[in-house]
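Student: Attaching a single structure in structure tokens format; questions to follow.
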Amino acid sequence: ENNIERRCDLHEHIAIALESYCADESEQENNIERQIRILKHWTSSGNFVRSANISLKIGGQLMLLGLNSQGIMLFDDSLSILKEQGMDSREESHGGICISILNTINVPELDRLIKLNVARGKAFSTLGMSKQSTISYQNALDILNNTICADSEDFDRSVSFPIFSGLFVVLKMGAIEQDEECTYEKQLISKFVEQARLNGDPVHYGRALAMQGETFGRLGNFEQAFQSLEKIKKIYNIKSHHAAICRAYGSDRVAQAFSHSVNWNRSLGRIDAALDTCNFIIETLLPHCDPKNVHNSFCLLYSCIVTMKDNGLAFDARRALLRFIVHPFDEHFGPGGSTFSKPLFQPILVLLDLQGNEFVEVDKIDEYTEWASDERNMPIQSESLENAWAAMAVSPSVLFGEIYYYLAKRQNKVHVRRRFIQIGISLMERTLTKTKSLPFARMYSTEKLENIKAFAK
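Residues 1180 to 1636 (this note's numbering) are what the sequence shown spells out, left to right.
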């Protein structure tokens, strides 16, 4: 035991010495390799809070670079400090940590413990690994409900709000089963809205209202959905709230409520209102978003692309996609960068070019035809990612199917035209089985499937 204590003390002294050596704070923060070296010593020292602080900072940087798996490894290393304590005991545990340990941790340690599990959940979610993400968020909730110091006046309960948001995200990805009345979802949102309202911070209250509006909209309660959006408009300011919302929830899920409202308006046949909202998102919201958070920008623009292209604005949608997503991604991350919307960039650019030029020649038609002839160029999305995008607007597969529809219309070779039609129909039919609980996405897929079948006749 004395040897273990001496070893921990040694690592702590080394960590302190390395931090002192890195006198230039800005240089230290920008050198991930150096930070990881310091992190390893804090982890080996057993200092949970210092280890967690660094792993949360570096892990967040890695996640922005699309290196989510590496971020998870850092979070797990810090969590192992508490998980390994009492690991030989047969006592009950919560989130992998023995109850005796949870009974002794202090408020700062609980705060970091929740944040590490939430960050882990976000990273798994971004990777499309919804089941692992669900476990992380539920671990955070389990720890929160079984730790004594959670009742302390010094504990900031708002640290728990991203748990509600994360569980809502994985619910949409299909990782959590619920009854036909969506009881789990309604109870989750009701609890979040009330606690966030009492907390009073527009960052969290806005996110809770956005969740509420999204659920109302998906259930067809559009009047209530728009009421939630009106409450958001009264408290939300993208210039002052955007960065804080992204820090808490990974992306600006409050702004994304406006994106969902595009679908609500379109479901009601209010095309002008839907296009006005698209314009508001492109002209007012996206210019103030962090250009490095490409995932957030794509989530904001996705429903706009879908509605604009079907209303004579395919080229405007294409310009917005290039301006706010493709070019910033190339600038900040380059060809080796990763984000789970990246595989959709090229297919959507092709679709917008084909649809915008539906009745005129397309300069790259031969290139597009050759590209689409290899079905491997249509990225197969995992079921959880397919569900996630469908919950934002429509299934990516139906957009891929539309590419084959527009290419088939230009084909003189009968066998090629027939093959493209078959591929398009297959892609679209596949989406119908996956969008039963997403009325707008299902309506869209049904409409596009009818179009391509009518053309086939």
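Beta carbons are placed, not taken as given, at the ideal position from N, Cα and C, and that holds for glycine.
Give every residue of the same chain whose Cβ lies closer than 7 angstroms to the Cβ of Y1415, excluding the five residues on either side of it in the sequence, and list them in chain order.
Tutor: P1381, G1385, V1433
Student: I need the boundaries of the alpha helix (DSSP H) containing K1521, first residue and last residue.
Tutor: 1521 to 1535
Student: Identify the residues that DSSP records as bridge partners of C1277: which are they?
Tutor: S1272
Student: Using a Cβ distance threshold of 8 angstroms, determine whether the stretch 1522 to 1539 contacts the stretch 1253 to 1262, with at least three qualifying pairs required.
Tutor: Note that the stretch 1522 to 1539 does not touch the stretch 1253 to 1262; fewer than 3 beta-carbon pairs, one per stretch, sit closer than 8 angstroms.
Student: Just to confirm the assignment: which complete alpha helix (DSSP H) runs, minimum length 4, are found wholly within the stretch 1481 to 1513?
Tutor: 1493 to 1500, 1506 to 1512
Student: Go through the stretch 1216 to 1262 residue by residue and report every complete run of the alpha helix (DSSP H) that reaches 4 residues or more, in order.
Tutor: If we require 4 residues or more, the alpha helix (DSSP H) runs fully inside the stretch 1216 to 1262 come out as 1227 to 1243, 1247 to 1262.
Student: I'd like to know whether the C-beta of L1258 is nearer than 8 angstroms to at least one C-beta of chain D.
Tutor: No chain D is part of this structure, which consists of one protein chain only.
Student: Taking the C-alpha atoms as reference points, what is the distance between D1255 and S1476?
Tutor: Taking the straight line joining both Cα atoms gives about 29 angstroms.
Student: Give me the Cα-Cα distance between S1272 and D1455, rounded to the nearest whole angstrom.
Tutor: Straight-line Cα distance between these residues: approximately 52 angstroms.
Student: Rounded to whole angstroms, how far is the Cβ of I1251 from the Cβ of R1299, which I believe are closer than 8 angstroms?
Tutor: 6 angstroms
Student: With respect to the alpha helix (DSSP H) encompassing T1456, which residues constitute its N-terminal and C-terminal limits?
Tutor: 1450 to 1459
Student: Run through DSSP, which three-state label would Q1207 get?
Tutor: Here the model assigns Q1207 a pLDDT of 46, short of 50, so the residue's position is not dependable and the matter cannot be decided.
Student: Determine the extent of the alpha helix (DSSP H) in which S1552 is found, giving its start and end residues.
Tutor: 1544 to 1552
Student: DSSP three-state call for K1632: helix, strand or coil?
Tutor: helix
Student: Between K1351 and N1566, what straight-line distance do the alpha-carbon atoms span, to the nearest angstrom?
Tutor: Between K1351 and N1566, the C-alpha separation is close to 7 angstroms.
Student: Am I right that G1307 and S1561 are in contact with their C-beta atoms under 8 angstroms? What's the rounded C-beta distance?
Tutor: 5 angstroms
Student: Which whole-angstrom value describes the C-beta separation of G1516 and G1245, a residue pair presumed to lie in contact below a C-beta threshold of 8 angstroms?
Tutor: Beta-carbon to beta-carbon, G1516 and G1245 are separated by about 5 angstroms, close enough to satisfy the 8 angstroms threshold.
Student: Could you tell me which of D1290, T1610, I1211, A1569 sits nearest to L1628, measuring between CA atoms?
Tutor: T1610
Student: With C-beta atoms as the reference, is I1411 less than 8 angstroms away from L1447?
Tutor: In this structure, L1447 does not lie closer than 8 angstroms to I1411 by Cβ.
Student: Measuring straight from C-alpha to C-alpha, what distance separates F1503 and P1470?
Tutor: 7 angstroms
Student: Going by other Cβ atoms of all chains shown within 10 Å of its Cβ, with 16 needed for buried, is S1419 buried or exposed?
Tutor: exposed
Student: Could you tell me how far apart the beta carbons of H1474 and S1520 are, in whole angstroms, since I believe they sit closer than 8 angstroms?
Tutor: That pair is a contact at about 6 angstroms.
Student: According to DSSP, simplified to helix, strand and coil, what is K1140?
Tutor: This structure cannot settle anything about residue 1140, because the visible part of the chain is limited to 1180 through 1636.
Student: When DSSP labels each residue in this structure, what does T1394 get in the three-state scheme?
Tutor: helix
Student: Just tell me which of Q1590, P1558, N1324, R1589 has its CA closest to the CA of V1578.
Tutor: First, the residue type needs correcting, since residue 1578 is Leu and not Val in the sequence shown. When only C-alpha atoms are compared, the closest one is P1558.
Student: Quick one: Cα of C1277 to Cα of N1226, how far?
Tutor: Their Cα atoms are separated by approximately 18 angstroms.
Student: Taking 7 angstroms as the limit between beta carbons, can you name the residues of its chain near N1318, skipping five residues before and five after?
Tutor: Within the same chain, N1318 has close Cβ partners G1274, G1275, N1296.
Student: By the three-class DSSP mapping on this structure, what secondary structure does P1558 have?
Tutor: coil
Student: Buried or exposed: which applies to Y1200, given that a residue is buried once 16 or more other Cβ atoms fall within 10 Å of its Cβ?
Tutor: exposed
Student: Just to confirm, is the Cβ distance from K1439 to E1393 under 8 angstroms?
Tutor: Rather than Lys, the amino acid found at residue 1439 in this sequence is His. Yes; because the gap between Cβ atoms is below 8 angstroms, this pair is in contact.
Student: What is the C-beta distance between S1224 and E1270, in whole angstroms, given that I count them as a contact (C-beta under 8 angstroms)?
Tutor: Their Cβ separation, rounded to whole angstroms, is 25 angstroms, which puts S1224 and E1270 out of contact at 8 angstroms.
Student: In this structure, does DSSP put Y1415 in helix, strand or coil?
Tutor: coil
Student: I'd like to know whether the C-beta atoms of F1340 and F1371 end up nearer to each other than 8 angstroms.
Tutor: yes
Student: How far does the alpha helix (DSSP H) with M1308 in it reach, from first residue to last?
Tutor: Counting along the chain, M1308 falls outside any alpha helix (DSSP H), and DSSP gives it neither H nor E.
Student: Give the single residue among Q1240, D1553, M1390, L1235 whose Cα lies nearest to the Cα of L1258.
Tutor: Checking every option, the nearest Cα to that of L1258 belongs to L1235.
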